[in-house]
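These notes concern the structure reproduced below.
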């Protein structure tokens with residue numbers, strides 16, 4: 005009698021119940037999404053969960069007075085140290101708070117006047133930070149301040165002279181005049197006719213000359 009084949013063990017069926025796409029921050033993300041994009045998503049999640057920074061009046065006064073004195077935001081943050089808002093926190097508030105942004109803009113405007121006073125002090129040799137410094141360092145400091153002043157407050161400190169070619173409030177410098185031909189005398193109408201004809205002939209001649217040059 006032929007022997008029956010030994011029974012084969014049944015294979016276990018395992019269902020991991022995996023989602024079709026990975027989930028980041030409870031939002032489906034395409035599996036081919038780049039690492040950089042995932043980093044942006046993660047940063048957004050952190051931003052949404054960040055506790056708002058608690059500003060004080062003293063912090064604002066310190067920030068704006070320091071800006072007027074000629075310091076940059078990152079310099080102020082470094083000098084004030086722990087407990088003071090970071091540069092990123094300050095820039096975020098400038099972008100989101102209109103009133104705070106206006107205060108910052110005014111502080112930057114006054115800063116340019118501070119730079120103008122500093123240029124005089126540096127050039128005359130009594131600015132404490134530049135006493136005894138080399139001529140190249142002094143020249144660079146003056147030029148750097150002049151460049152910043154010209155960019156941030158050009159109407160007052162730009163070296164270039166801007167000529168206004170418009171009239172008051174942007175109106176045309178020479179107002180447009182309309183001529184009522186019917187109100188002209190016969191002689192005036194004839195003169196106007198010949199003037200327009202001469203202008204038309206001149207324009208046509210210039211067009212023909214330009215076409216000849218192109219050929």
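In our numbering, the protein residues as written are 5 to 219. In this text, a Cβ means the ideal position worked out from N, Cα and C, and glycines have one as well.
- The three-state reading of DSSP puts residue 158 in helix, counting H, G and I together.
- Annotated as distal: residue 78 and residue 99, with beta-carbon spacing of 8 Å or more.
- At the C-beta level, residue 145 and residue 134 come within 8 Å of one another.
- With 16 or more neighbouring CB atoms inside 10 Å of its own CB, residue 70 falls in the buried class.
- Residue environment for residue 193: exposed (fewer than 16 other C-beta atoms within 10 angstroms of its C-beta).
- In this structure, the straight-line span from the alpha carbon of residue 159 to that of residue 57 is close to 36 Å.
- Listed in chain order, the alpha helix (DSSP H) runs fully inside the segment 97-160 are 102-128, 139-156, counting runs of at least 4 residues.
- In this structure, the beta-carbon distance from residue 104 to residue 63 does not fall below 8 Å.
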